[in-house]
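Visitor: There's a structure below that I have some questions on.
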Amino acid sequence: MALDRKIAYINLTTGDVEVKSIPLDVRKKFIGGRGLDAYLLLNHSKKGCDPLGPANPLIVSGGILTATCASATARTHIMAKSPLTGLLGSANMGGFFAPEMAWAGFHHLVIKGKAKKPVYLFIKNGTIEIRDAENIWGKTTTDTQWAIQDELNDKEVKSLVIGPAGENLVTFANVMTGIKNAGGRSGMGAVMGSKNLKAIACRGTMDINIAHPVEALEYNKRFIDQITSAKVNKTQGTLGTPMIWGATNSWGGVRTRNFQYNQCEYADDIEPEAIDEICEETIGPYHMAGCFGCQVHCRAQYRIPSGPLKGTYDEGPEYTSQGAFGGEPDTPRAETVLVGNHLVDQYGVDNLEIGSLISWAMELYEEGIITSKDTDGLDLRFGNDEAVLEMIERICFRKGKVADALAMGGIPASKIFGKNSFDFLIQVKGMSNLHSDERATPGLALNIATASRGSDHLRSRPAIDLYHLPEKVLHKIYGNPVPFKGKLSSEHTEYVGKAWQVFWQENCYMGVDCLGICKYHTTFLGATLPNFEDWPKVLYYNTGLKFTPKELWNISERCNMLERLFNIREGLTRNDLEKGDMLNHRYFDEPCRRGAPDVVGSMIDKKKFIGMIDDFYEHKGLDQNGIPKPETLKRLEIANEPSHML
Amino acid sequence: MLTKDKVLMINPEKCTGCRLCELVCAVKHDGASNPSRSRIRVMKWEMDGVYIPMACQQCQDAPCMGVCPANAISRNDELNVIEIDYDKCIGCRSCVAICPFGAMGFNSIDRKVFKCDLCDGDPQCVRFCEVEAIEYIDADDVAILKKQDAAAKLHATSNKVALKSA
Numbered sequence: 000m001a002l003d004r005k006i007a008y009i010n011l012t013t014g015d016v017e018v019k020s021i022p023l024d025v026r027k028k029f030i031g032g033r034g035l036d037a038y039l040l041l042n043h044s045k046k047g048c049d050p051l052g053p054a055n056p057l058i059v060s061g062g063i064l065t066a067t068c069a070s071a072t073a074r075t076h077i078m079a080k081s082p083l084t085g086l087l088g089s090a091n092m093g094g095f096f097a098p099e100m101a102w103a104g105f106h107h108l109v110i111k112g113k114a115k116k117p118v119y120l121f122i123k124n125g126t127i128e129i130r131d132a133e134n135i136w137g138k139t140t141t142d143t144q145w146a147i148q149d150e151l152n153d154k155e156v157k158s159l160v161i162g163p164a165g166e167n168l169v170t171f172a173n174v175m176t177g178i179k180n181a182g183g184r185s186g187m188g189a190v191m192g193s194k195n196l197k198a199i200a201c202r203g204t205m206d207i208n209i210a211h212p213v214e215a216l217e218y219n220k221r222f223i224d225q226i227t228s229a230k231v232n233k234t235q236g237t238l239g240t241p242m243i244w245g246a247t248n249s250w251g252g253v254r255t256r257n258f259q260y261n262q263c264e265y266a267d268d269i270e271p272e273a274i275d276e277i278c279e280e281t282i283g284p285y286h287m288a289g290c291f292g293c294q295v296h297c298r299a300q301y302r303i304p305s306g307p308l309k310g311t312y313d314e315g316p317e318y319t320s321q322g323a324f325g326g327e328p329d330t331p332r333a334e335t336v337l338v339g340n341h342l343v344d345q346y347g348v349d350n351l352e353i354g355s356l357i358s359w360a361m362e363l364y365e366e367g368i369i370t371s372k373d374t375d376g377l378d379l380r381f382g383n384d385e386a387v388l389e390m391i392e393r394i395c396f397r398k399g400k401v402a403d404a405l406a407m408g409g410i411p412a413s414k415i416f417g418k419n420s421f422d423f424l425i426q427v428k429g430m431s432n433l434h435s436d437e438r439a440t441p442g443l444a445l446n447i448a449t450a451s452r453g454s455d456h457l458r459s460r461p462a463i464d465l466y467h468l469p470e471k472v473l474h475k476i477y478g479n480p481v482p483f484k485g486k487l488s489s490e491h492t493e494y495v496g497k498a499w500q501v502f503w504q505e506n507c508y509m510g511v512d513c514l515g516i517c518k519y520h521t522t523f524l525g526a527t528l529p530n531f532e533d534w535p536k537v538l539y540y541n542t543g544l545k546f547t548p549k550e551l552w553n554i555s556e557r558c559n560m561l562e563r564l565f566n567i568r569e570g571l572t573r574n575d576l577e578k579g580d581m582l583n584h585r586y587f588d589e590p591c592r593r594g595a596p597d598v599v600g601s602m603i604d605k606k607k608f609i610g611m612i613d614d615f616y617e618h619k620g621l622d623q624n625g626i627p628k629p630e631t632l633k634r635l636e637i638a639n640e641p642s643h644m645l
Numbered sequence: 000m001l002t003k004d005k006v007l008m009i010n011p012e013k014c015t016g017c018r019l020c021e022l023v024c025a026v027k028h029d030g031a032s033n034p035s036r037s038r039i040r041v042m043k044w045e046m047d048g049v050y051i052p053m054a055c056q057q058c059q060d061a062p063c064m065g066v067c068p069a070n071a072i073s074r075n076d077e078l079n080v081i082e083i084d085y086d087k088c089i090g091c092r093s094c095v096a097i098c099p100f101g102a103m104g105f106n107s108i109d110r111k112v113f114k115c116d117l118c119d120g121d122p123q124c125v126r127f128c129e130v131e132a133i134e135y136i137d138a139d140d141v142a143i144l145k146k147q148d149a150a151a152k153l154h155a156t157s158n159k160v161a162l163k164s165a
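Chains U and L supply the protein sequences, listed in that same order. Heads up: the first sequence begins at 0 in numbering that gives the first Met the number 0, then just goes up one per residue. Heads up: the second sequence begins at 0 in numbering that gives the first Met the number 0, then just goes up one per residue.
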């Protein structure tokens, strides 16, 4: 049964391993995956703990449905206090790791302490071994995985690893599995590196008994048909996420030259069709790959088509790599994007963060805040492809003054660069914004301002807001499973009702993250995809647990509030530019210069933005300072957290 | 409807490596998710992005059938499938050792050998594979379909060459 998967507490300082069952009442309250991780983080970390110190717990999990007969249950979730933001660290990735961990008997790992020398964990069928990793330390993410497979003489072993960036404590180093699946954001790789933990390797052959296998199989078929019939998923399955970049850039939603423009010009070379052509030419007509059990298969395969790394295999590039190494630094060249994507995969660093910080540094260079003397002669101007790739290398290996400062993250670097460098840093809570430009889309702006792990699009983005759906349809989606009596607007430039949409999406995404399902299988990019109404059946057929849609909504709300409690404990306040629910001033005082007619001239109206935050807080049951009201905590049954049940 | 003499045709080029076939195979047969129970397994060369699903070929001169000392393995002509009679099987695993494709498995939980039974004519791996990397077709058609596929590639290549020289 999924419910008999265990939780393991591993102390790398002492070598102690303790395995516990997950009580049913804990499951019913927090489900699993990211929700239960939030509970564990709040319970196993102390206020103000050093994110790179031994006391910061690193939590790795699969969802309650991981590896069951539900669709696309590939997601691994990683949580800890973030070395980038000093607040909640949370990363989520696809691939094959979490299912293997579930077959090996575990749903959650809580890793504390610090090993004296490099180690990796090997988890097999209920046993956990701490193994020497001195020979593997220093290797790239893929070499690490193959070296572990060779050492264990087992090609079926799946590993979650860090690369050189994690070892070098780059605060936005990621964890990786496979060629390109990345738990990208908030520096979880640096937390692993700080513990001298190079990898977690899993191999499992233990049954996950399905509660109602016949029904689960049939429902999965229905689910898959629903998912693959969505037009957006069909396109994802042929072009991957680059299709989003192309679409967004066409109307002026892609930030370029850090934040100077909202559209990348002369970008034909990195349009989705152009990238697809490279995939087709270098791999063949069938060049899309899928994560475990997923029929969307959005992962493009390619070989670098030209230059010194010609012929090198990789996967992607995702939307984020196009933005990070094409749009933001204004280097819209396929080779630069594909090589940049390859380097971040190999070194294990968040493409989004590193690309944004490089572009920020480029603007500082343009402004004269940093000079060629600081960069050791590197011409850090916009449009310089070589500088982008060189900076990736330098940051991951912390070479030179500017790169070493950037490796600490935007806010610490701004204190080193001084002057008004912070004003140019496009971040929320210390995390760089996605390369999209939200000045024309207030709902999306509210999402990045309030997302729990810092500026982020995968925690509450109402992406379907861009589809201009009729209000009737919006009410049908956003009025379930709890009614919404207010007004919703089909206009993405409006402020009305967006706070509710962001609140709803926050709960929806927490839901999938607790289940362990990919967001392409819920109301993220497709308006017709499954959510609260559909999940009770999947849960019942696979685990035997009964929930109503409303109960699942409540659980999501509860888990989101745990994340909020953690952030407040670590210093989140409403308007703080470094740790608050607030956007960079450029959102409010610099209008969009390019794009569609209704986009040119757009910027966020600060008064209305503050009104949206007020509404959002009200929906969440927070007071006007963003602190949960006592009655909210009572309603969500978390008034006594941390409760140390697990 | 059960059609006689149908086979699994696997086209590794189309496989996305998602392993949904492994999941549904195990759930259908054993009610449990566990790839080591699956009759079909996807072998991967990740650094080349190559994924190859491996399943029983239902051989005409099946080595598993030949090697079985208990005569527990036989051909079901109705479905064109090699079957195990568990009443006769002694669990010696000779069939596992001799199969050139690794298609005969041994399940260490139930202590039994197992193999693809084509789900009695409705293979779930085929049903769930949206990219049609696994198809269930008349044995006679395999070669002609492959010919058509190869010819299409030749045609595309010659068109390309013609365009270039034009």
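Glycine included, C-beta positions come from ideal geometry on N, C-alpha and C. This structure is a prediction, so every number in the text was calculated from the model and none was measured.
Which value, in whole angstroms, describes the spacing of the CA atoms of H28/L and S157/L?
Guide: Using only the alpha carbons, I get a separation of about 46 Å.
Visitor: Does L351/U come out as helix, strand or coil in the three-state DSSP assignment?
Guide: The answer is helix: DSSP assigns L351/U an H, G or I state.
Visitor: Counting C-beta neighbours from all protein chains within 10 Å, is the total for M0/L 16 or more, i.e. buried, or is it exposed?
Guide: Low local confidence applies: a pLDDT of 47 at M0/L is under 50, so the model's placement there is unreliable, and no value is given.
Visitor: What residues from chain U crowd round D47/L, counting only those whose CB sits closer than 7 Å?
Guide: Here the neighbours are Y312.
Visitor: Given 8 Å as the limit, tell me if K471/U has its C-beta closer than that to any heavy atom belonging to the ligand SAH.
Guide: Questions concerning the ligand SAH fall outside what the structure shown contains, since it holds no ligand whatsoever.
Visitor: Residues in its own chain within less than 8 Å of D268/U by CB, not counting five upstream and five downstream?
Guide: The answer, listed in chain order, is P331, R332, A333.
Visitor: In whole angstroms, give me the CA-to-CA distance for D275/U and L528/U.
Guide: The straight-line gap from Cα to Cα measures roughly 25 Å.
Visitor: Taking only the alpha-carbon atoms, compute the straight-line gap between G112/U and N173/U and give it to the nearest angstrom.
Guide: Taking the straight line from one Cα to the other gives about 19 Å.
Visitor: From N257/U to L377/U, what distance separates their C-alpha atoms?
Guide: Rounded to the nearest angstrom, the two C-alpha atoms are 18 Å apart.
Visitor: Distance, Cα to Cα, K19/U vs L64/U?
Guide: Spanning the two alpha carbons is a distance of roughly 19 Å.
Visitor: Cβ atoms of C591/U and R460/U: under 9 Å apart, would you say?
Guide: Contact: no.
Visitor: So L57/U and L561/U are supposed to be a Cβ contact under 8 Å. How far apart are they, rounded?
Guide: Rounded, the Cβ-Cβ distance is 17 Å, inconsistent with contact.
Visitor: If you measure from the beta carbon of A200/U to each beta carbon in chain L, is any gap under 9 Å?
Guide: No, no contact with chain L.
Visitor: Using a cut-off of 8 Å between C-beta atoms, extract the partners of L216/U located in chain L.
Guide: Chain L residues near L216/U: V23, V26, K27, Q123.
Visitor: Among the residues of its own chain, which have a CB less than 6 Å from the CB of S656/U, if the five just before and after it don't count?
Guide: Given that chain U is displayed from residue 0 to residue 645, the structure contains no residue 656/U and the question cannot be resolved.
Visitor: Measuring straight from C-alpha to C-alpha, what distance separates K179/U and D313/U?
Guide: Rounded to whole angstroms, K179/U to D313/U spans 7 Å at the Cα level.
Visitor: Could you check whether L524/U and Q225/U sit closer than 9 Å to each other, using their CB atoms as the reference points?
Guide: Not a contact, by the Cβ cut-off of 9 Å.
Visitor: Would you call the region 126-146 of chain L and the region 88-100 of chain L touching, i.e. three or more CB-CB distances under 8 Å?
Guide: Cβ pair count under 8 Å is below three, so no.
Visitor: Give a yes or no on whether 9 Å exceeds the smallest Cβ distance from A288/U to chain L.
Guide: Yes, because at least one Cβ of chain L sits closer than 9 Å to the Cβ of A288/U.
Visitor: Leaving out five residues on either side along the sequence, give the residues of the same chain with a beta carbon under 6 Å from the beta carbon of G579/U.
Guide: Correct list, in chain order: T572, R573.
Visitor: State buried or exposed for R298/U, treating a residue as buried only when at least 16 other CB atoms are found within 10 Å of its CB.
Guide: Looking at its Cβ environment, which holds 16 or more other Cβ atoms inside 10 Å, R298/U is buried.
Visitor: Would you check if there are 3 or more beta carbon pairs closer than 8 Å linking the region 154-173 of chain U to the region 346-364 of chain U?
Guide: In short, these stretches touch, since the Cβ pair count reaches three.
Visitor: So Q294/U contacts chain L; which residues on that side make the cut at Cβ distance below 9 Å?
Guide: Those within 9 Å of Q294/U in chain L are T15, C17, L19, F127, C128, E129, V130.
Visitor: Could you name the residues of the region 90-111 of chain L whose beta carbon sits closer than 9 Å to any beta carbon of chain U, in the order they occur along the chain?
Guide: Residues S107, I108.
Visitor: What are the complete beta strand (DSSP E) segments, minimum 3 residues, inside the region 14-47 of chain L?
Guide: Here the runs fully enclosed are 40-44.
Visitor: I516/U and R74/U look like a contact to me (Cβ under 8 Å); what is the Cβ gap, rounded to whole Å?
Guide: Correct: roughly 7 Å between the Cβ atoms.
Visitor: Pairs of beta-carbons, one from the region 3-21 of chain U and one from the region 100-111 of chain U, closer than 8 Å: are there three or more?
Guide: A contact exists between the region 3-21 of chain U and the region 100-111 of chain U.
Visitor: Looking at the structure shown, is R184/U part of a helix, part of a strand, or coil, going by DSSP?
Guide: DSSP places R184/U in helix when its eight states are reduced to three.
Visitor: Would you call the CB atoms of G88/U and S185/U closer than 9 Å?
Guide: Yes, these two residues count as a Cβ contact at 9 Å.
Visitor: Contact criterion: CB-CB distance below 9 Å. Does R36/L meet it with respect to chain C?
Guide: The structure shown contains no chain C; its protein chains are U and L.
Visitor: Using 8 Å for Cβ pairs, my map puts H456/U next to N446/U. What's the rounded Cβ distance?
Guide: Sure, about 7 Å apart at Cβ, within 8 Å.
Visitor: Can you list, in chain order, the residues of its chain with a C-beta nearer than 6 Å to that of T176/U? Leave out the 5 residues immediately preceding and following it.
Guide: The residues are G94, F96, L159.
Visitor: Report the residue from L151/U, C263/U, A79/U, A37/U whose alpha carbon sits nearest the alpha carbon of D49/U.
Guide: Per the Cα distances, A79/U.
Visitor: Spatial neighbours of L424/U within its chain, please: CB distance less than 6 Å, with the 5 preceding and 5 following residues excluded, ordered by chain position.
Guide: Closer than 6 Å at Cβ, skipping near neighbours: W359, G409, S413.
Visitor: L635/U by DSSP, collapsed to three states: which one?
Guide: Coil, per DSSP.
Visitor: Going by the CB atoms, is the gap between Q262/U and G594/U shorter than 9 Å?
Guide: The answer is yes: Cβ separation under 9 Å.
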